[in-house]
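As you go down the protein sequences, you meet chains A and B in turn. Numbered according to my numbering, the first sequence terminates at residue 451, and the numbering increases by one at each position without gaps. Numbered according to my numbering, the second sequence terminates at residue 917, and the numbering increases by one at each position without gaps. Step one of this worksheet: look at the structure below.
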Amino acid sequence: MSGGDLLDIARGVARAARDGEQVEAYVVRTRDTDVEVFGGEVESLTTASVEGVGIRVIAGRRQGLAWAGSLAADVIDETLQEARDNAGFGEPDEWYGLASPADVNGATPPKLDLWREELVSVPTEEKVRIALDLERATRAADTRIRNVESASYGDALAEAALANSLGVEAHTRRTTCSASAVALADDGSGTQSGYGFVAGRTLSDLDLESIPRDAATRACRLLGAKPVPGRRIPVILDPLVTRSVLGVLSSAFNGESMLKGRSLFAGRTGELIGAPFVQLIDDPTDARALGASEFDGDGVPTRRNALIVDGVMQGFLHNVYTGRRSGSGTTASATRGIGSTPGVGVRALRLEPGPKSPEEIMRGAGEALYVQSVSGLHSGTNPISGDFSVGAEGLMVRDGAFAEPVREITIASTLQRMLLDITEVGSDLIFLPGAVAGMTVLVGEMTMSGA
Amino acid sequence: MTVPLIESDVLQETLDHALRGGGDFAEVFVEDRRSSNGRFDDGRIEELVSGRDRGAGLRVVRGETTGFAHTADLSREGLLHAAEAAAGAARGVGGGTHTVALGAPSPHPIAAGVVLPETVEKRRKVELLARADAAARATGSAVTSVTASYADARRRILVANSDGLLADDDRVRTRLAVQCVATGDTGMQTGHEAPGRTMGFELFDNFAPEDVGRRAAQRALTLLDAVPAPSGRLPVVLKRGAGGVLFHEACGHGLEADHILKDASVFKGQMGTSVASPLVTLVDDGGYAQEWGTLAIDDEGHPAQRNVLIENGVLTDFMWDVVRARKAGRAPSGNGRRESYRHLPMPRMTNTFVLEGATDPADIIRNVDFGIYCVQLGGGQVDPATGDFVFGVTEAYLIEKGEVTRPIRAAQLIGNGPDVLRMVDAVGNDFETWTGMCGKQGQSVPVSSGQPTVLVREMTVGGTAA
């Protein structure tokens, strides 16, 4: 993919701005390959190239947006007209405005190594072989694996450019790849499933051998799982579960939610909201994070934002609009696709790792519940009230080791309580696809409901 | 008569090209989608967006392998190029060559009386949101935040395949959603209401925006007075309409043929056997009038139809798309669906219903000594391989000595699909549907579910009460 032409397209749209009008174009292009295998055969092989544009027009303090899944010149013209028309039906808002050089404030984008040329030239046959090998190895990983539900490889070459009529421009591109397998284990007591996956920027980042091992271990150790009687109990969150919980929690730091009265931490800046050793950071300038980016969705260079330092709430994340409206200024946290105006969100959220390994945490936890996976996270958690109640499966932990597996239970608390109840943050920081990294976390007490 | 998306001679050439190097099956799926959506927040229109998306997905099946490619370029050259890419992806697996002869098109014109979104002034869409917002705010002074959103989409599709099938459809969907936050002694609580149908702007003849706003607000207000949900195994009464999504998640997904053929469903090998209480009959009906999941044809060109999945407790059928049906040597059931031309179709539900029974819903509640009455469920999740599921409950009450009493909050229902099917102890003589989006392998499609008031003998309720 050539770097220049997307930015040229975006500039062309921005130049079409009329007097008294601000115009912004956000242009994206991705090239994906996905391989799914089953039963020793390629089940599907998808190669696809997607491109599109989102155009935002602000005129008379009114804002409108239109998008199209095409970069054809006539479609772009039609989209610009449609965005203008939509702006006519908007309501005036004094804080509307595109990012200006003043918002960028002289910041230079971080230099991040997000593009690996070698991934571009990996032949399709190699990708197919990875997926087939993965399936075979997963099936062979344990005698109790009766089937591999899916094994897959996927990669994406993504590029985005933004230009606006105030002179702000941005261009970024990145490569990502991932592989995964889902194992089904059965020892006569019923079926359990478990998955393994890895992600990175290029093939050499992928520890492919860990996938069959993880999938088999996670499925087999749940065999014979049963509900257990409910009680209050310390809970150890698997890194993947920690990631999910932090993902829900992140909206409480969203400046847009705060302005609309929908953040459970509104008015809490400067207060202790977590255990005193808890550090929560969103750092899109950390190239290890798969969500890292040089620019945000307004075109402003990204920066590291600390959200909790020593348990104390530091503030909210903002895009240009919420930054102006709140008076705090942007934190370069605009997130977007082509189909909507920029929102606010994290890109690379993580807790600062603690000193202990997962094994050390287990040894110190006493009798605890190890949660391997949760379900119903979106229905069972309420980022506005903080209520948290999700389905869970995992294992009991006794004397520092895994004991009997459990399923069909729920764990409940509130997000506020959980942050304060964190007693250990593991050293096992793992960067995962999406905007949040994971690690093992011990929460001192939650309500477990079961049989 | 509208202009066809692609002329049939170009489709034929594309299919021929796709199978030039061999293959068992080729298909072109063309889509032209226009959508608009608006969001009213903080008492004003916040965002008005229009979208346009068009393109074609090409697939070539050879043996067990499907090659897939898609393009936004609908010119002859664009289609031929995508056909080549799809064929290349399926290369080297064998299969014979074909000559393709397309049949006559079977157009599905939009039903009379559908008010097309593009004929409705944007001003009217904005007004609608303002009305929903005002009604929600007027419901109670504790309502502190209201978000109302409107969305419509018109999706024209055309499918042609190497079996000679040629079919098109013109789908119009409209939806209004209102989310309210109420603030009180128990903190912030939310309420949600979101009706949608396969129809145009006349949706609002049946669903006044004021009613939608009020219902969402009332839900949030009710939760302010709610007590923490109890925990443990309890009888659960699912109000008509509220529990269909549970049957969709907990049973429906396990009845999709891809899970069956991969031996990743608890229902594998159960055909003809009793899998549910004899009170349960479960159908999937893509042809049901104007429901959210209704289609004239599925996304592989096959007519939507009513499929009986479980009849009086006995498993009678699964849901099939073309690829899985070919593998099983049977006809597809009109359940091949995809999110867009960028996605491969797979077996999906449409409108999934538990059919009504004979019991008066009031009697169902009267016979429960202590349990939960669920009026609205939030999203849910299921592992089809095990049948284990979990559901959030967004509006529910305690049942104490046969009476519905206090509202409860922060409850989750967890259980196992086959277990719940067997524990259905009563089925009411009422019925209502529910509108939702169903996600599977990263693809989201509109579905509805429906059910009469149902008593499940026992489910695990995960609450926060001490």
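Think of the CB as a built atom: it goes at the ideal place given N, C-alpha and C, for glycine as much as any other residue.
Collapsing the DSSP output to three states places A:Pro301 in a strand. Under the Cβ distance rule, A:Phe89 counts among the residues neighbouring chain B, one pair being separated by less than 7 angstroms. The C-alpha of A:Pro342 lies about 48 angstroms from the C-alpha of B:Leu766. Per DSSP, the unbroken beta strand (DSSP E) holding A:Ser413 starts and ends at Ala401 to Thr414.
For A:Glu41, the enclosing beta strand (DSSP E) begins and ends at Glu41 to Ala59.
By the neighbour-count definition (other C-beta atoms within 10 Å, threshold 16), B:Asp820 is an exposed residue.
When DSSP reads this structure, B:Glu762 sits in a beta bridge with B:Val765. Rounded to the nearest whole angstrom, the C-alpha separation of B:Glu535 and B:His468 is 7 angstroms. Taken through DSSP and simplified to helix, strand or coil, A:Glu424 comes out as strand. In terms of Cβ geometry, A:Val371 and A:Ala435 do not form a close pair [threshold 7 angstroms].
Look at the stretch 337-383 of chain A and you find these whole runs of beta strand (DSSP E), each 3 residues long or longer: 349-351 and 368-375.
Distance from the CA atom of A:Arg31 to the CA atom of A:Glu43, rounded to whole angstroms, is 20 angstroms. Here A:Glu367 is near A:Arg398, since their CB atoms are less than 7 angstroms apart.
The Cβ atoms of A:Ala59 and A:Glu21 sit closer than 7 angstroms to each other. Among the residues of chain A, those whose CB is under 7 angstroms from the CB of B:Phe842 are Gly376 and Ser379, following chain order. Three or more Cβ pairs closer than 8 angstroms define a contact, and the stretch 180-190 of chain A meets that threshold against the stretch 131-142 of chain A. Using a Cβ-Cβ cut-off of 8 angstroms, B:Asn867 is close to Glu408 of chain A, given in chain order. DSSP, read as helix, strand or coil, puts A:Ala73 in helix. Cβ contact annotation for B:Gln630 (same chain, cutoff 7 angstroms, sequence separation greater than five): Thr598, Thr641, His643 and Ala667, in chain order. When 8 angstroms is used as the limit between beta carbons, B:Val632 is near these residues of chain A: Gly261, Arg262 and Ile384, in chain order.
With 16 or more neighbouring CB atoms inside 10 Å of its own CB, A:Glu82 falls in the buried class. Take A:Cys220, set aside five residues on each side of it, and the residues of its chain with a beta-carbon closer than 6 angstroms to its own are Asp142, Arg144 and Ala185, in chain order. Residue pairing by DSSP places A:Ala14 opposite no residue, since no beta bridge is assigned to it. Excluding its 5 nearest sequence neighbours in each direction, B:His710 has C-beta neighbours in its own chain below 6 angstroms: Ser716 and Pro835, listed in chain order.
Burial check for A:Gly39: the Cβ neighbour count within 10 Å stays below 16, so the residue is exposed. Counting C-beta pairs closer than 8 angstroms gives fewer than three between the stretch 196-207 of chain A and the stretch 318-335 of chain A, which falls short of the contact rule. Take the alpha-carbon of B:Gln894 and the one of B:Glu790: they are about 6 angstroms apart. In the three-state reduction of the DSSP assignment, A:Tyr26 falls in the strand class, which pools E and B. Separation of A:Val425 and A:Ser244 (C-alpha to C-alpha, rounded to the nearest whole angstrom) is 15 angstroms. Comparing alpha carbon positions, the residue from B:Leu675, B:Arg788 and B:Arg527 closest to B:Ala708 is B:Arg788. Residue A:Leu429 holds the alpha-carbon nearest to the alpha-carbon of A:Ala437 among A:Leu429, A:Ala306 and A:Ser150. Considered as a whole, the stretch 137-199 of chain A harbours 145-164 and 169-186 as its complete beta strand (DSSP E) runs of no fewer than 3 residues, in chain order. Assigned with DSSP and collapsed to three states, B:Asp709 falls in helix.
By a beta-carbon distance limit of 8 angstroms, B:Gly508 contacts B:Tyr792. Their separation comes to about 4 angstroms.
Within chain A, Asp34, Ser44, Leu45, Thr46, Thr47 and Ala48 have C-beta atoms less than 9 angstroms from the C-beta of B:Phe519, given in sequence order. A:Lys127 and A:Val35 have their C-alpha atoms some 7 angstroms from each other.
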